[in-house]
Structure formats: C-alpha cells, structure tokens
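*Asks:* To start, I am sharing the structure in question, which I have written as structure tokens.
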DNA sequence: CGGAATCCTGCCTGATACTG
DNA sequence: CAGTATCAGGCAGGATTCCG
C-alpha cells in the first residue's frame, strides 16, 4: 500500500499506521540494528567479531538482526567454506546510506548522557 | 558508571552493555519516540493533536513515551487549568538537538521503502 | 565457527474501563 | 481533555542444546 499525496504523487508516510514505511521504521529503530550497523562501519566483519563488539547481544538476537538486515538489502552475508566455516558481514550501499543516521543516534546518546542524567535527577526530585 | 578512555578522559560507549549510554540509546531508539519527536517539530502541540498525528499509538504508549521524554529533558509538559484541562508538549533545546537525527531516520524509511521492498522480494525468492 | 531449534520468562503493548 | 488503572496476549529476548 502506498499513500497518495499531492499532485498525484505516490509517497510513503511513517505517521500512518498502515503505511509500509511505518513497519520499516519499526525495524530500523532499535538498539540492535543501530549497534550492528555502527559496528559494521569499520568494514567487513565476522559473526564472532560482531558478537564481541555488540556487547550483551544474544546469539539469537544478533542472528535475527543480521538476517533481517540482509533481507532488507542493508548488508551482505558471505559464507567461506573453510573448516570451520567463516561468515563475513558487510554493509551494502543501501546500508551505508543509513549508517550515518544510526551513528548519529549512538553519538547523541553518548554525548548527551550527562545532560539527560541531570534532567532525570531534577525530574525525580520534583515528583 | 562511566567508561574510562584514553588520556584519563571519561567517556561513554554504547557498545558496552553496562554503559548508561546503552540504556539511553535503547530509550531513544524506537518508533514511538521517533514519531513523537518528529511530530513535535511543527511546534508545541496538545496531547490530542499528537495522538492524531502519531496514528496507531495507544493512549498508554503515547503517555508513557511523552513522560519518559519529559523526564529526560527532551520536552516540556505544560498544564493550563482551563475546563477541561489543556496540556501542551514542546521540544526543549535538548530535544531539538535530537530532532534532526530522528527525522532523518523517518525520512530514510520513507525514501528507501521501495528499494527495501525490492530486496525483500529477491531475498525471499532465493530461499 | 556460526548458526538452528527449542523452551521459557517477562515486559511491552493494546484494549477497556474509570476519573478529575 | 488528558490522563490513570487494570487486565490479558504476544512477542522480544535469554538460556540451553544440537548440528554442519
């Protein structure tokens, strides 16, 4: 389903619950997607490398996240038939087009942590 | 807990599960936060206006989202004692500093929906 | 090594009803 | 109008086991 806009232009609107871009927004917003894409900014990496960098992620969630990103065309999954097998993940051009935004999200969280913590204290005292 | 980096500088790293910035990243990544902040970019708005714009959000989640954003200092909540009561939400400077990033996230979802849909079809055929 | 499959728990989320 | 309270379901997410 597409959402018809002005001038007969067909467009998407994530504000609308039924619009596919809403579900896509749901998929790409989430810490695991953000951290996985951030980690892959350093170049192609193996599964175990990603698991180590994205601290605290379970095998299940990492696999699930990477699979959905592969399905959506944001990264490629390359299997090298060594023994044991080597699996490499790499951002595609599409993935790189989103990388800057999720990196900004992560940077914001890190850069404004102190400010947010201050507001929280103040808020909790007022109530 | 802060994460000690080079040169005795204290910094945060969202890659680390125990770092506060990880939890902050978790809070600000999510469709409801994204859509709420996007909606508030048009200026101060009332609760009912936000509920209408952010289609599909339940009262519970909207209230919960706005409350956490208020607590974190990203927006202000102003109660005007009319009858019935009027409640207005407005972005703070801190909230505005994040607004661009979440807007980019929403824009990406809308702008790349077709590409992603194509990749999905191809992926599903290959498997 | 890089998963897949299974089970299980919790909390996220939505629906409903009620209130100042 | 702008919530709060409560209940109930589903799925995110962890732990464990097994496989190529």
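Residue numbers (our numbering), protein chains in the order written: chain A, 1 to 127; chain B, 1001 to 1127. Even for Gly, the Cβ is constructed at its ideal location relative to N, Cα and C.
Relative to the C-alpha of residue 37(A), which candidate in 126(A), 65(A) and 122(A) has its C-alpha closest?
*Replies:* Cα-wise, what sits closest to residue 37(A) is 65(A).
*Asks:* Where does residue 1088(B) sit, in a helix, a strand or coil, going by DSSP?
*Replies:* Note: residue 1088(B) maps to strand in three-state DSSP.
*Asks:* Which residues of the segment 1027–1043 of chain B have a Cβ closer than 7 Å to any Cβ of chain A? Give them in chain order.
*Replies:* Flagged, chain order: 1028, 1029, 1030, 1031, 1034 and 1035.
*Asks:* Please give me, in chain order, every unbroken run of the alpha helix (DSSP H) with length at least 4 that falls completely inside the segment 1025–1067 of chain B.
*Replies:* For the segment 1025–1067 of chain B, whole alpha helix (DSSP H) runs of length 4 or above, ordered along the chain, are 1031–1039 and 1047–1053.
*Asks:* Closer than 9 Å, CB to CB, is residue 101(A) near chain B or not?
*Replies:* Taking Cβ atoms only, chain B reaches closer than 9 Å to residue 101(A), which makes this a yes.
*Asks:* Any beta-carbon of chain A closer than 9 Å to the one on residue 1110(B)?
*Replies:* Interface residue, yes.
*Asks:* Could you pull out every residue in the same chain whose Cβ sits closer than 7 Å to the Cβ of residue 39(A), ignoring the five residues on either side in sequence?
*Replies:* Contacts found: 45, 50, 53 and 54.
*Asks:* Mapping DSSP to helix, strand and coil, what is residue 74(A)?
*Replies:* Of the three classes helix, strand and coil, the one that applies to residue 74(A) here is coil, per DSSP.
*Asks:* Can you tell me whether residue 110(A) is buried or exposed? The criterion is at least 16 other CB atoms within 10 Å of its CB, across all chains shown.
*Replies:* The residue in question, residue 110(A), is buried, as its Cβ has 16 or more Cβ neighbours within 10 Å.
*Asks:* The ligand ATP and residue 1070(B): does any heavy atom of the ligand fall closer than 8 Å to the residue's C-beta?
*Replies:* As presented, the structure is devoid of all ligands, the ligand ATP included, so that no description of it is given.
*Asks:* List the residues of chain B whose Cβ lies closer than 8 Å to the Cβ of residue 79(A), in chain order.
*Replies:* Those do not exist, as residue 79(A) stays about 13 Å from chain B at its closest Cβ, beyond 8 Å.
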